[in-house]
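First up is the structure itself, then whatever we jot down about it.
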Amino acid sequence: MIIQFSSRAANAVLSSFFSPASVAVVGAGDDPAKLRGKLFKLAIDSGYAGPVYPVHPKAEMIQGRPAFASIAEIPGGAELVLIATPGATVPAVIRDAIAAGAKAAVILSSGVDMADLTDAIGDSGLRYMGPNTEGYFDVGGVAGTFAAVVQEALAMDGVAPRPGRKVSIVSQSGGLGFCLFGRGLAENFDFHSIITTGNEGDLECLDFVEHLLDEGESGVILMFIEGLKTPARFAAVAAKAADKGVPIVVMKVGRSEAGQRAAVSHTAHLTGADTAYDAVFERYGVIRVSDMEEMLAAAAAFARFPRGRVKRAAVVSTSGGAGAWAADLLGAASIDVPELSVELQQSLQQFIPEFGSPANPVDVTAQAVEAGGRPLVQVLEKLQHSDEIDAIVVNMGLHVPGRIESLSDLLGPLYADATKPILFHSHILPHANNLAALARLGGQGFASFRGCASALAALDRHAVFLEGWKQRAPAAPVATAIMDNAPAGVLTEADTARLLNAYGVPVPPNALASTREDAAAQAAAMGFPVVLKIQSPDIAHKTEAGGVALNVGAGEVEGIFDRIIASAKAYAPDARIEGVLIQKMMPKGHEIVIGVTRDPDFGPLVMLGSGGIYLEVLKDVVFAPVPITPDDAKAMIARLKTAPILAGTRGQAAGDVDALAALVSRVADLARAEGNIDQLDLNPVFVYPAGEGVVAVDALIVAGQPVAGGH
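Have a look at this one:
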């Protein structure tokens with residue numbers, strides 16, 4: 107397969123990797139069964155039509171081609187250099203490559219001294235992938251890899267074009283990246299690029315994801331990551347994918363809680379090791395999967411099927427039991443399997459034996475296949491044109507070779523006109539022949555119902571995200587910080603209240619009193635009952651210090667003021683006492699918690715959670731990165747387990763969701779602007795009935811070292 111090398115690289119930085127004028131393989135071997143020989147053979151067999159030069163200090167010929175002792179001996183040099191020499195030699199090879207005019211390098215070697223490598227590159231402008239990478243395969247172009255699966259794919263013409271959108275892989279792990287490629291070949295995907303970035307000494311995975319997005323030929327991008335070199339950049343790249351409607355499916359390792367930072371606030375305690383990644387993925391519509399099977403299912407959905415909402419599915423089965431099983435797993439994935447209307451059932455009944463069923467699941471019985479398949483396809487055609495369902499899952503045995511091929515004349519027109527996903531599932535291990543035949547028609551076969559459900563759920567989730575993304579309002583500009591000079595530590599409630607007021611966060615009426623007489627006057631002005639709280643930067647736990655009194659009535663203020671001051675001094679004799687905060691006692695509402703924690707990679711994260719016992723017991727919380735618009739906040743609210751309570755259930759009044767969403771957005775604005783806030787808790791926030799607002803009854807703010815611009 108020889109394809110003229112293209113100039114399809116989308117940006118100048120990476121063009122030398124994807125459309126180089128020439129390629130040199132340094133350390134090329136003569137034996138194509140060994141790593142270095144395989145690297146050279148793949149480079150010349152991949153379909154890249156430019157010159158590929160073997161470089162070896164001793165050999166005269168490599169795999170039938172004249173070898174060069176050094177890059178300097180290559181006439182005109184080489185734009186791209188593939189390096190597979192011992193790690194200690196790599197800096198010298200890089201110097202030679204730069205002197206010969208190279209613009210890019212793939213360093214497959216491990217054990218490279220990074221300081222020496224950086225020194226060798228200097229200000230030359232050369233960019234490199236690796237070190238310790240398995241390289242990349244640009245289908246129809248350069249193969250800068252020694253991966254055996256690429257050799258096998260080329261030998262079997264496994265990368266020939268197939269129906270469907272193109273699939274690309276960007277992986278930090280070479281082994282997993284090319285393993286995923288091999289698994290995808292078995293699924294008959296039409297691959298575009300497989301890129302593994304290794305140790306990311308220079309170029310990182312996001313560089314290549316952005317390249318693929320700019321290039322515009324990938325219909326779905328699969329990623330395997332352990333972490334991100336520049337996490338703050340991920341949002342911009344993911345936003346570009348969202349703007350282009352290209353799904354990104356990510357498998358990220360590192361969900362454990364090990365290494366969680368010490369925390370003062372509830373918010374920080376509830377923030378796990380991977381919370382920020384989950385929040386950022388959710389914000390930008392990135393589909394996170396937990397294993398390769400789930401990733402392949404999502405990839406199949408995005409590569410093969412019409413895109414859109416999938417809320418309702420029809421299950422068509424040759425086995426009644428298998429149909430019920432499929433319905434259960436679809437339901438577990440929040441995909442309804444509704445009973446079909448009487449009219450639709452009547453239209454299906456004519457194609458189904460009397461002992462079958464036109465209800466949903468639709469039991470067509472094995473006779474639908476044994477009768478040449480026409481009854482089955484007629485049922486599928488009726489369902490395809492029905493507005494009662496959004497997708498069709500067909501269960502039948504695909505273990506018999508040639509079964510789909512025998513139905514291709516009937517299935518071909520069905521898939522050609524398909525406006526909704528039609529998935530085939532086999533409850534018996536499917537034969538590769540049938541999976542390939544389905545792929546040629548534009549369909550997809552699955553060996554598990556869970557895979558079917560996962561594929562449809564991914565389609566629906568991304569469609570929901572894109573609907574909101576297209577309608578999103580622009581975020582407000584970052585406000586000017588007003589507390590850059592605050593000392594590190596816990597702010598007093600008086601300072602906290604002033605800061606919250608400045609950002610429009612509703613708090614109870616309050617005033618700081620320095621004397622018992624002042625306290626009584628302030629309380630009388632507010633109206634009873636009131637709350638009294640000791641104010642000291644040295645007392646974080648006021649209740650333990652005896653520094654809080656609730657439901658204080660008229661005539662009680664002066665005595666309680668004296669008692670609180672005395673208790674605080676006994677608890678912490680050296681504490682600085684600034685006075686006592688007098689706060690209006692607010693009526694109870696639905697309890698919510700709002701918090702902020704600052705992730706070292708992604709910046710401020712806002713937490714929204716159910717208050718009271720739900721917070722610690724159920725951990726009913728969601729996180730989102732800033733900025734957060736009111737619409738973003740409403741989406742967060744909808745994800746809470748207790749969202750139905752806020753919406754009003756069993757005769758209870760609905761909560762003021764609009765006011766709560768506005769509050770979450772204002773807290774996010776505060777977190778963006780105030781760069782030295784490490785942690786913030788509003789706990790509890792009372793949510794009153796619709797139209798009556800919200801109030802942050804208690805607040806905790808922990809200041810740290812300032813971060814320029816908030817984030």
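If you count by our numbering, then the sequence shown holds residues 107 to 817, one letter each, in order.
No residue lacks a Cβ here, since even glycine has one placed at the ideal position from N, Cα and C.
Just so you know, these numbers come straight off a predicted model, no measurement behind them.
Three-state secondary structure (DSSP) at residue i?
i: glutamine 278; result: coil
i: isoleucine 862; result: As displayed, the chain neither begins before 107 nor continues past 817, which places residue 862 out of reach and without an answer.
i: tyrosine 609; result: coil
i: proline 481; result: helix
i: tyrosine 234; result: strand
i: leucine 572; result: helix
i: leucine 746; result: coil
i: glutamate 697; result: strand
i: serine 716; result: strand
i: methionine 220; result: helix
i: leucine 790; result: A quick correction: the sequence has proline, not leucine, at residue 790. Here proline 790 sits in strand by DSSP.
i: isoleucine 751; result: helix
i: glycine 193; result: helix
i: phenylalanine 729; result: strand
i: arginine 268; result: coil
i: leucine 807; result: Looking at the sequence shown, residue 807 is not leucine but isoleucine. If DSSP states are grouped into helix, strand and coil, isoleucine 807 belongs with the strands.
i: isoleucine 441; result: coil
i: phenylalanine 284; result: helix
i: threonine 602; result: helix
Rounded to whole angstroms, what is the Cα-Cα separation between residue i and residue j?
i: alanine 139; j: arginine 289; result: 22 Å
i: phenylalanine 792; j: histidine 568; result: 33 Å
i: asparagine 466; j: alanine 563; result: 19 Å
i: glutamate 650; j: valine 355; result: 48 Å
i: glutamine 366; j: valine 702; result: In this prediction, glutamine 366 scores a pLDDT of 40, lower than 50, which makes its location untrustworthy; no coordinate-derived value is stated.
i: valine 686; j: isoleucine 640; result: 5 Å
i: glycine 557; j: leucine 656; result: 55 Å
i: alanine 369; j: tyrosine 390; result: Its pLDDT being 41, under 50, alanine 369 is placed unreliably by the model, and the measurement read from it follows with that caveat. Looking at the two C-alpha atoms, the distance is approximately 27 Å.
i: glycine 143; j: alanine 430; result: 53 Å
i: phenylalanine 555; j: leucine 148; result: 38 Å
i: glycine 304; j: glutamine 577; result: 38 Å
i: valine 255; j: phenylalanine 284; result: 7 Å
i: leucine 544; j: proline 536; result: 11 Å
i: proline 459; j: threonine 424; result: 11 Å
i: serine 673; j: glutamate 400; result: 58 Å
i: alanine 768; j: glycine 659; result: 33 Å
i: glutamate 664; j: glutamine 689; result: 14 Å
i: glycine 250; j: alanine 348; result: 30 Å
i: arginine 271; j: arginine 410; result: 6 Å
i: alanine 739; j: alanine 646; result: 30 Å
i: glutamate 258; j: proline 507; result: 23 Å
i: threonine 755; j: proline 412; result: 36 Å
Measure from the alpha carbon of residue i to the alpha carbon of each residue in the options, then state which is nearest.
i: alanine 477; options: Gln451, His505, Ser463, Leu516; result: Leu516
i: alanine 818; options: Gly414, Ser121, Phe124, Ser176; result: In this structure the chain extends from 107 to 817, so residue 818 is not present and cannot be described.
i: alanine 342; options: Val356, Met329, Val315; result: Val315
i: asparagine 501; options: Cys558, Val422, Val187, Glu511; result: Val422
i: aspartate 668; options: Ala619, Val702, Gln169, Gly701; result: Ala619
i: leucine 188; options: His162, Asp737, Arg171; result: His162
i: aspartate 384; options: Ala211, Leu605, Ala730; result: Ala730
i: asparagine 238; options: Ser514, Ser215, Asp225; result: Ser215
i: lysine 350; options: Leu186, Gly548, Gly322; result: Gly322
i: leucine 489; options: Arg578, Pro464, Phe408, Phe284; result: Pro464
i: arginine 604; options: Ala261, His317, Leu806; result: Leu806
i: alanine 809; options: Glu780, Leu454, Pro795, Ala802; result: Glu780
i: isoleucine 528; options: Arg509, Phe552, Val506; result: Phe552
i: serine 299; options: Pro693, Glu310, Ser396, Gly325; result: Gly325
i: alanine 582; options: Asp775, Val212, Phe530, Arg171; result: Asp775
i: glycine 797; options: Asp762, Ala253, Gly217, Pro481; result: Asp762
i: tyrosine 794; options: Ala777, Ala759, Ala428, Ala249; result: Ala759
Under the assumption that residue i contacts residue j (Cβ atoms under 8 Å), give the Cβ distance between them as a whole number of angstroms.
i: aspartate 296; j: arginine 268; result: 4 Å
i: isoleucine 275; j: isoleucine 301; result: 7 Å
i: alanine 173; j: glutamate 166; result: 6 Å
i: leucine 291; j: glycine 264; result: 5 Å
i: alanine 802; j: leucine 786; result: Not confirmed; about 10 Å, so no contact.
i: alanine 194; j: alanine 403; result: Their Cβ separation, rounded to whole angstroms, is 44 Å, which puts alanine 194 and alanine 403 out of contact at 8 Å.
Inset, instruction - Run through the stretch 499-560 for me and flag every whole alpha helix (DSSP H) of 4 or more residues, listed as ranges in chain order. - result: 509-522, 538-547
Legend entry - Continuous beta strand (DSSP E) assignments of at least 3 residues falling wholly in the stretch 292-364: Annotation note: the stretch 292-364 contains the following uninterrupted beta strand (DSSP E) runs of length 3 or greater, listed N- to C-terminal: 297-302, 326-331, 354-358.
Inset, instruction - Let me know the alpha helix (DSSP H) ranges lying completely inside the stretch 384-429, each 4 residues or longer, listed in chain order. - result: Taking only runs of at least 4 residues, the alpha helix (DSSP H) segments lying wholly in the stretch 384-429 are 398-410.
Legend entry - Start-end ranges of the beta strand (DSSP E) lying completely within the stretch 617-688, minimum 3 residues: Runs of the beta strand (DSSP E) inside the stretch 617-688: 636-641, 654-658.
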